[in-house]
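Residue 1 is where the sequence shown starts when you use my numbering, and the numbers rise one by one after that.
Below: one structure, written as structure tokens.
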Amino acid sequence: MLLTHQHTGAPDADGQRCPTITQRRLERLAEVEYGDVQTTNLRRQVRERLRRAFQAVGFVRPSFEGGRPDDAAANIFRETIVTERCWLIRVWVRDDADADDAAEPAFRAPDPADPPRGGEAAERGREKPFVQAPLEDWVDVLPFGESGTFDREEAARGVDAITAVLRARGYAFADVALQYRELSPLRERQSSDVRGVIDYEITLNHERRIASIALPGAKAVEPGTLLELIDTKPYDFFGAPGFFELERAMADLGAIARYYQERGFFDFAFELTGAPDDVVPLKVLELANDDWIVWRYTFRDRGFRLKKRRGEASLRLEIPLHEGPQSRVAELVPVGATIADKAKIAALTGLGTGAPYGTHYLEEGIGKLTAWYRARGYHLVKIEPFCEAEDPRSGDPSFCDPRLPVRAQHVTLGLRVTEGRQVFVGEHFWRGNFETDPHALTRDLPQAGEPLDEARLNEAMRQMRALGLFNSVRIDIIGLDEDPPRDRVALVVGVEEADHSFLDLAAGVR
């Protein structure tokens, strides 16, 4: 494998020149191994990988020169990458902006996230220098490898990409500045191979972790239940990093809102909200005193506070909310049910008079009632809800869509039940059991003349699999999907027997 990089440009007057790609790095980027078959597709893939890799480090429109005619016969993979111009892409990093931090113990260091107080601004006038970081750590984050474009707009996308990565790593207050400098046309006429410089200056501002999450206003729902819904977690010793990510936190608020709305809290709202037409979240410094710094983040219908005690690096997340009243079932009206009365249906669904009402409770209740019918052989049962809601302001009743959140404190709920034909079990069949007694396959199934119960079928399959005698177990129901359906269906048990092994034990007395 012969990979070479041929650069035809010359350094500029300041001595700046394009990066050098070593032979070992070229081989690593190509991802070609000895023994790979040389094909047109392989060469195309190698060129695409190399093109992206060279553009990622700043080279403009790299070109390729293929192998010689006799390379295939000699089993040689040859590729030459030709470049002429480039942009210098550099990443600079520092922990914080204050040069005096190094003179203080770590736990006493001034916090760069703290706004200056009084005469502190003058004392913190010196800035720490940046240290250049390896570009290889960031080439997969920056957009140049994919686009091959090096204008200011594309470079600005790199700021957003780096910021997102740093947020995910726990640097909640990281600052990324872009320094974009295009060389003058005069220098280009002097055969300089550098067209411009793109510098990313990263101030990490220390790693931040969330120490606690508070939900003031949560009364009807336990805060622990709400914390289970969200991905943002306080840090602990069992693996939760506790990093703060703005986008994830906003998504977590959406999960909390859905939880309340699905359970009938029709007036639920967050206390902190933004404008309806917000495009990005808004951050505002709400409080800064000798003890606390508080930021307010809002986006459309949601918002939260991020608190930090002065002198501490940890954060506290506060999500104030208003639960509001919860919808309740005024009356349950079942229609079409013949084998279960109103009291039985109310007990099965949990939607009797006075019970909380919401789409979550409705779906859960219909699921339980459907399972009850299926266990008795009514596999074609259909349950359609309908409702009438009382307007919370006027008190007037009106029809509502039970599949959507209902803005009413009292709801009259109807369940239209179409039971269908009851299905019973007929014959049992089996296949694949060359050594197993058929009784072992059918003993736990619903027997002939009993209602078809899918729960019993699933339990029978579970027990057969637990025996360890079969590689696979399957039960097919014959006749259930016919139109019109049969009164009796057949059950076919199919198994694949596993290889048997025996353990001989012997004991003796001496």
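Backbone N, C-alpha and C fix where the C-beta goes; we use that ideal spot for every residue, glycine too.
All values derive from a computational prediction rather than experimental measurement.
Identify whether residue i lies in helix, strand or coil by the three-state DSSP scheme.
i, result
"Q132", "strand"
"Q516", "The first residue shown for the chain is 1 and the last is 510, placing residue 516 beyond what the model contains."
"D476", "strand"
"N458", "helix"
"Y259", "helix"
"Q45", "helix"
"E146", "helix"
"Q447", "coil"
"R28", "helix"
"Q55", "helix"
"V493", "strand"
"V139", "coil"
"I293", "strand"
"R94", "strand"
"I550", "What is shown of the chain runs 1 to 510, which leaves residue 550 out entirely."
"A10", "strand"
"A218", "coil"
"T83", "strand"
"P62", "coil"
"T442", "helix"
"P397", "strand"
"T225", "helix"
"A269", "strand"
Thinking just about the alpha-carbon of each residue, which of the options is nearest to the one in residue i?
i, options, result
"E419", "T370, E286, F243, A346", "T370"
"F244", "G274, L306, E271", "L306"
"R152", "A214, W87, R167", "W87"
"H206", "W138, R167, A133, E222", "R167"
"P129", "D96, R157, P143", "D96"
"A19", "T39, A56, A30, R44", "Note that residue 19 corresponds to Pro in the displayed sequence, not to Ala. Answer by Cα proximity: A56."
"F399", "G66, E388, P405", "E388"
"F434", "E497, D140, R421", "E497"
"L351", "L415, A337, E390", "L415"
"I81", "F54, D401, V165", "F54"
"W295", "E318, D301, A313, E312", "E318"
"E363", "P405, L135, A375, L26", "P405"
"R78", "Q38, T298, P62", "Q38"
"S63", "R24, H5, A30", "H5"
"D199", "V221, S147, L135", "L135"
"R421", "P397, I339, A448", "I339"
If we ignore side chains and look at the alpha-carbon of each, how far apart do residue i and residue j end up?
i, j, result
"Y373", "L315", "52 Å"
"P485", "T412", "34 Å"
"L246", "F304", "10 Å"
"R169", "R47", "33 Å"
"V227", "R94", "At residue 227 the sequence reads Leu, which differs from the Val that was named. For L227 and R94, the distance between alpha carbons rounds to 34 Å."
"Q179", "E201", "8 Å"
"P241", "P446", "51 Å"
"A269", "E323", "7 Å"
"L441", "V381", "29 Å"
"T349", "V335", "14 Å"
"P281", "G468", "56 Å"
"G145", "I213", "39 Å"
"I162", "R90", "13 Å"
"V32", "V159", "33 Å"
"M461", "R248", "41 Å"
"E384", "Y357", "16 Å"
"S472", "G377", "26 Å"
"T22", "N41", "25 Å"
"A518", "L321", "Here the chain has residues from 1 to 510 only, and residue 518 is not among them."
"T149", "A156", "12 Å"
"W430", "I477", "12 Å"
"R117", "A288", "Interpretation of R117 is limited by its pLDDT of 41, a score under 50 that renders its predicted location unreliable; the figure taken from the coordinates is listed afterwards. Distance between the alpha carbons of R117 and A288: 9 Å."
"T83", "Q45", "19 Å"
"G196", "S184", "9 Å"
"G367", "L204", "51 Å"
"E222", "P234", "17 Å"
"T359", "G365", "10 Å"
"D401", "F386", "7 Å"
Quick one: is residue i near chain B, going by C-beta distance under 7 Å?
i, result
"T20", "Among the protein chains of the structure shown there is no chain B, as only one such chain exists."
Going by the C-beta, is residue i closer than 6 Å to any heavy atom of the ligand HEM?
i, result
"L226", "As far as ligands go, the structure on display features none, and thus does not contain the ligand HEM."
Just checking, does the segment 439-453 make contact with the segment 486-500 on the three C-beta pairs under 8 Å criterion? Yes, the segment 439-453 is in contact with the segment 486-500.
- request: Taking only runs that begin and end inside the segment 299-386, name each unbroken alpha helix (DSSP H) of 4 or more residues, in chain order.
  value: Counting whole runs of 4 or more residues, the segment 299-386 contains the alpha helix (DSSP H) stretches 342-349, 359-374.
Any contact of the segment 274-287 with the segment 256-264, i.e. 3+ C-beta pairs under 8 Å?
By the criterion of at least three beta-carbon pairs nearer than 8 Å, the segment 274-287 is not in contact with the segment 256-264.
Does the contact criterion of 3 or more C-beta pairs under 8 Å hold for the segment 261-268 versus the segment 326-334?
The segment 261-268 is in contact with the segment 326-334.
| said: So within the segment 189-216, which uninterrupted beta strand (DSSP E) runs reach at least 3 residues, ignoring any that extend past its ends? | reply: Annotation: the segment 189-216 contains the following complete segments of the beta strand (DSSP E) (minimum length 3 residues), in chain order: 194-203, 210-214.
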